[in-house]
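Going by the working numbering, the sequence shown opens with residue 584, and the numbers climb by one from there.
Structure first, then comments.
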Amino acid sequence: MNIMLMLIGGATGSTAGGMKLTTVAVLAISAYSVLHRKKDATAFGRRIGTGVIFDAAAIFSLYFVTCVISAMAISAIEGLPFLKCMFETASAVATVGLTLGITPHLSTLSQLILIVLMFMGRVGGMTLVFATIARRHVVDPLKPEEKVQVG
């Protein structure tokens, strides 16, 4: 439960880490809409755009996959239980600051993994992704169509 709450984090615009409450709320609303076979995801009388849902899914996936892979790596390096390593990685990526007391005893490589997670959590996962991925093809917005008389 603590791991899940650390990964969710605080509200958008706050100094809290994690993937943010609104990201999880958008995913929950989207899941509710799919389960009830609604065409659109709506909240408070407003439709949530598919772009927002895709962004929320990307942020959730990035946080979850990063934590799981990092926890697996630390568990393999140190020979510690996966759940303890997951707690440490979730705390690092969400910049919570909690520990089970194993961090000082980790090897340099495992501590380096936690440092990278802390940096990623502080800067923001999507910010790092967008900063490192170059745009391949930029599509110009569609211009209004004009009916021109010919002949």
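Backbone N, C-alpha and C fix where the C-beta goes; we use that ideal spot for every residue, glycine too.
Selection from Ile636, Thr605, Cys668 that minimises the alpha carbon distance to isoleucine 696: Comparing Cα-Cα distances from isoleucine 696 to each of Ile636, Thr605, Cys668, the minimum goes to Cys668.
Contact check, serine 690 vs isoleucine 657, beta carbons under 7 Å: At least 7 Å separates the beta-carbon of serine 690 from that of isoleucine 657.
DSSP state of isoleucine 685 mapped onto helix, strand, coil: The answer is coil: DSSP assigns isoleucine 685 none of H, G, I, E or B.
Coil, strand or helix - alanine 626 by DSSP: Here DSSP, grouped into helix, strand and coil, assigns alanine 626 to strand.
Selected residue, minimal CA-CA separation from alanine 611, among Glu729, Gly707, Thr625, Thr598: Closest in C-alpha terms to alanine 611, from the list Glu729, Gly707, Thr625, Thr598, comes Thr625.
7 Å Cβ shell around cysteine 650 - same chain, five flanking residues per side excluded: Cβ neighbours of cysteine 650 beyond the five flanking positions: Leu590, Met669, Thr672, Ala673, Val676.
Expected contact under 8 Å - CB spacing of serine 653 and leucine 588 to nearest Å: That pair is no contact at about 18 Å.
Of the residues Gly600, Arg629, Gly601, His688, the one placed nearest serine 613, counting alpha carbons only: That would be Arg629, whose Cα lies nearest to the Cα of serine 613.
Chain-order list of residues whose beta-carbon lies under 6 Å from that of glycine 662 (same chain, five-residue window excluded): Non-local C-beta neighbours of glycine 662 in its own chain, meaning closer than 6 Å and more than five positions away in sequence, are absent.
Proximal residues to alanine 639 (C-beta, below 7 Å), its chain only, five neighbours per side dropped: Its chain contains Thr606, Val609, Leu610 as the residues whose beta carbon lies nearer than 7 Å to that of alanine 639, once the 5 sequence neighbours on both sides are disregarded; these appear in chain order.
Beta-carbon proximity check, threonine 678 vs glycine 600, cutoff 7 Å: Result yes, Cβ atoms of threonine 678 and glycine 600 sit closer than 7 Å.
Complete runs of the alpha helix (DSSP H) confined to the stretch 594-681 [at least 4 residues]: Correct list: 604-618, 633-661, 665-676.
Reduced DSSP category for methionine 584 - H, G, I as helix; E, B as strand; rest coil: If DSSP states are grouped into helix, strand and coil, methionine 584 belongs with coil.
DSSP three-state assignment for leucine 590, whether helix, strand or coil: It is helical.
Buried or exposed (CB count within 10 angstroms, at least 16 for buried), tyrosine 646: With at least 16 other beta carbons inside 10 angstroms of its own, tyrosine 646 counts as buried.
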